[in-house]
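One point on numbering: in the numbering used here, the residue at position 27 of the sequence shown is 101, and numbering is uninterrupted.
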Amino acid sequence: MTTEEALRWLETTPSTAGEKYRDFLMKHGHRCLREFDIYSFTWREDPQTLVKLLQ
75 MTTEEALRWL
85 ETTPSTAGEK
95 YRDFLMKHGH
105 RCLREFDIYS
115 FTWREDPQTL
125 VKLLQ
């Protein structure tokens, strides 16, 4: 499964995994890998970064 397919699935599936992903993104979407780098995108702005970590 590609990152794009996994992201689409997590955003749309009614399963527990999808619910937990969306809840996590809602609570922690303001975070990112390099938080102190002002040029880094948050997980909410670029959710593919988070999905790659989960894969």
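Backbone N, C-alpha and C fix where the C-beta goes; we use that ideal spot for every residue, glycine too. The model shown is predicted, which means the values in this text are computed figures rather than measured ones.
**Report entry** Reduced DSSP category for His102 - H, G, I as helix; E, B as strand; rest coil
**Finding:** In the sequence shown, counting from the first residue as 1, residue 102 sits at position 28. The answer is helix: DSSP assigns His102 an H, G or I state.
Query raised in the report: Taking the alpha helix (DSSP H) that Leu84 falls in, what are its first and last residues?
Result: In the sequence shown, residue 84 corresponds to position 10, counting from 1. Start and end: Thr77 to Thr86.
Query raised in the report: Whose C-beta lies closer than 8 Å to the C-beta of Leu99 among residues of the same chain, with five residues either side of it excluded?
Result: Along the sequence shown, one-based indexing puts residue 99 at 25. Hits under 8 Å: Trp117, Arg118, Pro121 and Leu124.
Query - Leu127 versus Leu107: straight-line alpha-carbon distance, rounded - result: Position 53 of the sequence shown holds residue 127. Position 33 of the sequence shown holds residue 107. In a straight line, the C-alpha of Leu127 is about 10 Å away from that of Leu107.
Requested in this report: Look at the alpha carbon of Gly103 and the alpha carbon of Met75, and state the distance between them as a whole number of angstroms.
Outcome: On the sequence shown, position 29 is the one that residue 103 refers to. On the sequence shown, position 1 is the one that residue 75 refers to. Spanning the alpha carbons of Gly103 and Met75 requires a straight line of approximately 23 Å.
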